[in-house]
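Asker:
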Amino acid sequence: MTDRPFRIDPITPAIGAEISGLDLNRPLDPATQDAVYQALLDHLMIVFRGQEITPEAHLALAQSFGALDRPHPIYPHVEGFDRIMLLENGPGKPPDTNDWHTDLTYYQNPPFASVLYAVQVPPAGGDTLWASMYAAYDALPEDMKRHLEGREAVHDMGNFRNGYLADGGPAALNAAMAKIGSAVHRMVQRHPVTGRPHLYVNPSFTQLVVGETQRDSDRLLTYLYDHQARPEFQMRHRWARHDLVMWDNRVTQHYACADYLPQHRRMHRVTVVEDRRAAAEAPRRAVG
3 MTDRPFRIDP ITPAIGAEIS GLDLNRPLDP ATQDAVYQAL LDHLMIVFRG
53 QEITPEAHLA LAQSFGALDR PHPIYPHVEG FDRIMLLENG PGKPPDTNDW
103 HTDLTYYQNP PFASVLYAVQ VPPAGGDTLW ASMYAAYDAL PEDMKRHLEG
153 REAVHDMGNF RNGYLADGGP AALNAAMAKI GSAVHRMVQR HPVTGRPHLY
203 VNPSFTQLVV GETQRDSDRL LTYLYDHQAR PEFQMRHRWA RHDLVMWDNR
253 VTQHYACADY LPQHRRMHRV TVVEDRRAAA EAPRRAVG
C-alpha cells in the first residue's frame, strides 16, 4: 500500500495517462515508485503537471526506475549535470526531432524509458505526440502479422548523420558510423515485462528489412509507417511549463512538432537505460 495517494486518469484508450497528487521534489516511497511503474506499463506514457523540480529531483526520479544513459553523442547537457540532456530550440537553432521515432534503436540495447521536463515552452505549438506500438501491431491484418513474424531490420543513426556532417564533414560522419555502427532488431518484439507483441520499426532509424532488396524493403516499411501513423494509436500532449512526462521507449514512438519558431522551447531529458524491475525479474522468469 502506497503512503502517497494519487490519481491516474487515462488520456486515450490506446496510450497515455495523467497522474496527479504527487510532488516529485519529494522522494517517492518504494510502494509509490512501484505504482507509478505499473501505471507506465499500463499506459505507456504518463504525465505529471506542475512539477517545479530541481535537476537533482529529476535525476533521482529517473534513477528510481533504473540505470541512466551515458551523455548523448549529439545533444548538449545541462550545465553541471551531464546525464540531463538539454533540448533547446529557437531562432538560429531549429528543432530536428519532427519525425516519428523510437529513441536510439541503432543501439544493440536501446534504452528503456525517457523522463522529459518542460523548462520553457512556446505560447502555442511545440506539442509532442506519442503512439502505441501495441495498438499498431494489434490492428495489423493477420496475414501481415504472419509475414512479419521472425523478420529483422537494420537500424542506424539516420537523421543524426546531419549533426556529424555539420560539425566535421564526411570524415566526422565516417568516424561516428565506425564507432556507433548499426543494430539489427526483430520487426515484431515482445515486451520484456508484459509479453505483449508490438511493432519495432521507425522512420528515423530503420533502414532496411533483412533479406529484401532496397525497393522491396522500402515498400514494406512505408506500409508499416503509414499504418503506425493512424490517430487511433496516438495521443497529443500540449506542454505547459513544469510538465514532466515519462514514456516506455520499448513500445512507443514519439514526434515533436516543429511549429513554434521564432518562439523558444527548452526541455531537460534523462534517459533510463535499463528497467531494473524487469532485470530483477528476469532470472526468476527463466527459472520458472
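If you read the sequence shown in our numbering, its first letter stands for residue 3, the second for the next number, and so on.
Just so it is clear, CB atoms sit at the ideal spot from N, CA and C, and this is done for glycine as well.
(1) Which same chain residues, not among the five before or five after Pro112, have their C-beta less than 6 Å away from its C-beta?
(2) With a floor of 3 residues, list each beta strand (DSSP E) that falls wholly inside the region 167-193, ordered by position along the chain.
(3) What does a CB cutoff of less than 6 Å around Ala55 pick up in its chain, not counting 5 residues either side in sequence?
(4) Give me the residue from Arg9, Tyr39, Ile48 with the minimum Cα distance to Thr196.
(5) Suppose the cutoff is 8 Å on Cβ atoms and the five residues either side in sequence are ignored; what does the same chain contact list for Val49 look like?
(6) Tell me whether the beta-carbon of Ala115 lies closer than 7 Å to the beta-carbon of Asp250.
(7) Looking at the ligand SAM, does it come within less than 6 Å of Trp102, judged from the CB to the closest heavy atom?
(8) What would DSSP say about Thr224, mapped onto helix, strand or coil?
(9) What do you reckon, are the CB atoms on Pro199 and Val190 nearer than 7 Å?
(10) Do Ser184 and Asp101 have their C-beta atoms closer together than 7 Å?
(11) Given 8 Å as the limit, is there contact between the region 142-154 and the region 256-270, that is, 3 or more CB pairs closer than that?
(12) If you count every other CB in all the chains shown that lies within 10 Å of the CB of Tyr225, and 16 or more means buried, which is it?
(13) Taking the continuous beta strand (DSSP E) assigned at Val272, which residues delimit it?
(14) When the Cα atoms are used, what is the spatial distance from Pro73 to His79?
(15) Going by beta carbon distance, what residues of the same chain come within less than 7 Å of Val123, once the five residues before and after it are set aside?
(16) Could you tell me if Gly293 is buried or exposed, where buried requires 16 or more neighbouring beta carbons within 10 angstroms of its beta carbon?
(17) Under 8 Å by Cβ, that's how I've got Val121 and Val274 pegged, so tell me the actual separation to the nearest angstrom.
(18) Using CA coordinates, which residue listed in Leu46, Phe8, His270 is at the minimum distance from Asp31?
(19) Along the beta strand (DSSP E) that carries Leu246, what are the first and last residues, could you check?
(20) In the DSSP assignment, find the unbroken alpha helix (DSSP H) run with Val49 in it and report its ends.
(21) For Gly128, which of Asp140, Arg153, Gly92, Met159 has the nearest alpha-carbon?
Answerer: In this structure, then:
(1) If we look at Pro112 and ignore the five residues flanking it on each side, its Cβ neighbours are Leu106.
(2) Here the runs fully enclosed are 185-188, 190-192.
(3) In the sequence as displayed, the identity of residue 55 is Ile instead of Ala. Contacts found: Leu26, Asn27.
(4) Among Arg9, Tyr39, Ile48, the Cα nearest to that of Thr196 belongs to Tyr39.
(5) Annotation for Val49: Ile13, Gly18, Ala19, Glu20, Ile21, His239, Asp245, Leu246, Val247 place their beta carbon closer than 8 Å to its own, counting only its chain and skipping 5 residues before and after.
(6) Contact: yes.
(7) The ligand SAM is absent from the structure shown, which contains no ligands of any kind.
(8) Of the three classes helix, strand and coil, the one that applies to Thr224 here is helix, per DSSP.
(9) Result yes, Cβ atoms of Pro199 and Val190 sit closer than 7 Å.
(10) Taking the C-beta atoms as reference points, Asp101 is found no nearer than 7 Å to Ser184.
(11) The count of Cβ pairs closer than 8 Å, one atom from the region 142-154 and one from the region 256-270, stays below three, leaving the stretches out of contact.
(12) Tyr225 counts as exposed, since fewer than 16 other C-beta atoms from the protein chains shown sit within 10 angstroms of its C-beta.
(13) From DSSP, the beta strand (DSSP E) with Val272 extends over 267-274.
(14) Separation of Pro73 and His79 (C-alpha to C-alpha, rounded to the nearest whole angstrom) is 7 Å.
(15) These residues qualify, in order along the chain: Trp241, Ala242, Arg243, Arg267.
(16) The question about residue 293 has no answer, for the chain in this structure spans 3 to 290.
(17) About 19 Å separates the Cβ atoms of Val121 and Val274, ruling out a contact at the 8 Å cut-off.
(18) Selected option, being the one with the closest Cα: Phe8.
(19) Start and end: 246-250.
(20) According to the DSSP assignment, Val49 belongs to no alpha helix (DSSP H) but to the beta strand (DSSP E) extending over 47-50.
(21) Taking only the C-alpha atoms, the option nearest Gly128 is Gly92.
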